[in-house]
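What follows is a single structure, written as structure tokens, with notes after it.
Number of protein chains: 2
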Amino acid sequence: MIDRPPEFDAAFQEKLTTLFLWRRDVRHFRPDPVDPDLLRHLLEIAALAPSVGNSQPWRFVQVQDAARRAKVVANFEQANAEALADYKGEQAKLYAALKLAGLKEAPVHLAIFCDEGTAQGHGLGRRTMPEMLDYSAVMAVYGFWLAARAHGLGAGWVSILDPAAVCRDLDVPAAWRLIAYLCVGFPAEDHIDPELERRGWEHRRPAGDFIVRR
Amino acid sequence: MIDRPPEFDAAFQEKLTTLFLWRRDVRHFRPDPVDPDLLRHLLEIAALAPSVGNSQPWRFVQVQDAARRAKVVANFEQANAEALADYKGEQAKLYAALKLAGLKEAPVHLAIFCDEGTAQGHGLGRRTMPEMLDYSAVMAVYGFWLAARAHGLGAGWVSILDPAAVCRDLDVPAAWRLIAYLCVGFPAEDHIDPELERRGWEHRRPAGDFIVRR
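Chains as they are written, first to last, in this note's numbering: chain H, 1 to 214; chain X, 1001 to 1214.
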């Protein structure tokens, strides 16, 4: 695996496309536990993400304590109620009917932070775009997500949260910024289309709509 | 590919790990052109990234005009000179010797923006973490990058740029925020270790260093 540059054949390329097509934001989980060795492997994959200046700013917190998890659930429920209040009429009804997190069922809670205080990388690449540090941690999330799906696991990114409260409730260092809170486990269903599209919240546009030339 | 949920076997999982291991930030390119159909395919993969509320905020700009490319090169050279001035002694010498972008050689310049003004997604998931919109576009970058590597292409993310000047020089809508400026092409060399590590700028730490439990 590491002795010489790999070649990726058409069969792999096609399967990789399939992986991207079937990755989903999962909110419906089976209760089956996740093998700790698999979780560790997925975190190692996450840590292979690009990082600005080789800063590796990602910090992974496995949230195992029931009391801490309950605080995150309460955090989500309050933030979600507040979000619902922003919508009116049919849109409010539709929002209220959406299941936007699988926090109670997912066997694994994983919070990903960015260590804004890290000296690693010596600031390279961050002078004019300091947000690159956060972006590095975001890529670690996506790497985890894709690798998880390749192992039959689903992940759901919960952003309907007060991030400052998550930092406090998980007792992380002051310099850590919450990037993502993930629910992870075996999905109850597999779909090729996003739940938000299936439920009529928002449709996807084709990729060509997003491409321009200059 | 789309009729029923896929299964990913151990051989695919291993090859996927190899892909993550050998993805690199590439700054040394061969001049060979990139097939436009392949580039289009990679952008379609990029657009399969997760996006908050199904907002799909990524906007892909293929920078083909020589004058615009020259402005980006000048932007980089100025920002890089300013960055160099922040370092002293041996570190300044080392920084000055690094090749931090392949803008002049890469056959493809691709700028990825986030449309901060998009109504798509109706704000879902962005109320307490508005940065989720940018993060969605970041994941599109990583999806592109991984798929590119699976097709033998390399990408390098150039963040040593004044982002406001890039927006101006590429004449994009005012609501678009620069997320990434990528050099894309066939790499002149393949490596399993990052160039910044190989050149002594910064070493990588093992994944276990980044994992905590709560």
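Note that beta-carbon positions come from the ideal geometry of N, C-alpha and C, so glycine has one too. On a predicted model such as this, the values are computed, not experimentally measured, just so you know.
Residue i versus residue j: straight-line alpha-carbon distance, rounded
i: X/P1050; j: H/F20; result: 10 Å
i: X/C1114; j: X/D1134; result: 6 Å
i: H/R220; j: X/G1123; result: Nothing about residue 220 of chain H can be reported from this structure: the residues present for chain H run from 1 to 214 only.
i: H/A47; j: H/R214; result: 34 Å
i: H/M139; j: H/P36; result: 22 Å
i: X/H1028; j: X/K1104; result: 10 Å
i: X/N1080; j: X/V1141; result: 22 Å
i: X/P1005; j: X/G1089; result: 57 Å
i: H/V63; j: H/R30; result: 18 Å
i: H/Q91; j: X/G1208; result: 44 Å
i: H/L196; j: H/H203; result: 8 Å
i: X/W1022; j: X/L1038; result: 20 Å
i: X/A1180; j: X/H1109; result: 11 Å
i: X/E1077; j: X/V1172; result: 22 Å
i: X/E1189; j: H/E116; result: 32 Å
i: X/Q1120; j: X/P1107; result: 33 Å
i: X/E1007; j: X/D1065; result: 43 Å
i: H/A74; j: H/G156; result: 17 Å
i: H/P194; j: H/R205; result: 12 Å
i: X/D1003; j: H/T18; result: 11 Å
i: H/T128; j: H/I211; result: 25 Å
i: H/A85; j: H/R24; result: 27 Å
i: H/E14; j: X/E1014; result: 15 Å
Helix, strand or coil at residue i according to DSSP, with G and I counted as helix
i: H/I45; result: helix
i: X/P1187; result: strand
i: H/Q64; result: coil
i: H/F8; result: coil
i: X/G1208; result: helix
i: X/G1117; result: coil
i: H/A155; result: strand
i: H/Y135; result: helix
i: H/W145; result: helix
i: X/W1022; result: helix
i: X/Y1095; result: helix
i: X/R1214; result: coil
i: X/R1177; result: strand
i: H/R27; result: coil
i: H/V172; result: coil
i: X/R1199; result: coil
i: X/V1034; result: coil
Cβ shell of residue i (< 7 Å), same chain only, five flanking positions each side left out
i: H/Y87; result: Y95
i: X/R1068; result: D1169, L1170
i: H/F12; result: none
i: X/L1178; result: A1111, F1113, P1163, V1166, C1167
i: H/P57; result: S51, C114, D115, T118, L133, S136, A137
i: H/L16; result: none
Close Cβ partners of residue i (< 6 Å) along its chain, the five nearest in sequence each way excluded
i: H/L42; result: F144, A147, A148
i: X/G1154; result: V1026, P1187
i: X/F1132; result: Inspection of the sequence shows that residue 1132 of chain X is occupied by Met rather than by Phe. The answer, listed in chain order, is V1052, G1125, R1126.
Proximity to residue i [Cα-Cα], best of the options
i: X/A1150; options: X/E1195, X/I1045, X/R1027; result: X/I1045
i: X/V1052; options: X/G1152, X/A1137, X/D1025; result: X/A1137
i: X/W1176; options: X/F1008, X/D1009, X/R1059; result: X/R1059
i: X/V1158; options: H/S159, H/P163, H/R126; result: H/R126
i: H/K71; options: H/R198, H/L161, H/G185; result: H/L161
i: X/P1130; options: X/P1206, X/S1055, X/V1034; result: X/S1055
i: H/A174; options: H/D3, H/T118, H/T17, H/V34; result: H/T118
Contact set for residue i: own chain, Cβ-Cβ below 8 Å, skip 5 residues either direction
i: H/W201; result: L94, Y95, L98
i: X/A1083; result: Y1095, I1160
i: X/D1032; result: P1107, G1185, F1186
Supposed close pair residue i, residue j - CB separation, criterion 8 Å
i: X/A1101; j: X/C1167; result: Going by Cβ atoms, the distance from X/A1101 to X/C1167 rounds to 18 Å, so no, they are not a contact pair.
i: H/V61; j: H/A10; result: With 8 Å as the limit, H/V61 and H/A10 do not qualify as a contact, their Cβ atoms being about 39 Å apart.
i: X/R1198; j: X/H1191; result: 7 Å
i: H/G185; j: H/V34; result: 6 Å
Test: residue i CB closer than 8 Å to a CB of chain C
i: H/F144; result: Absent here is chain C; the protein component of the structure consists of chains H and X.
The ligand HEM heavy atom lying under 7 Å from the CB of residue i
i: H/P36; result: With respect to small molecules bound, the structure shown includes none, and the ligand HEM cannot be examined in it.
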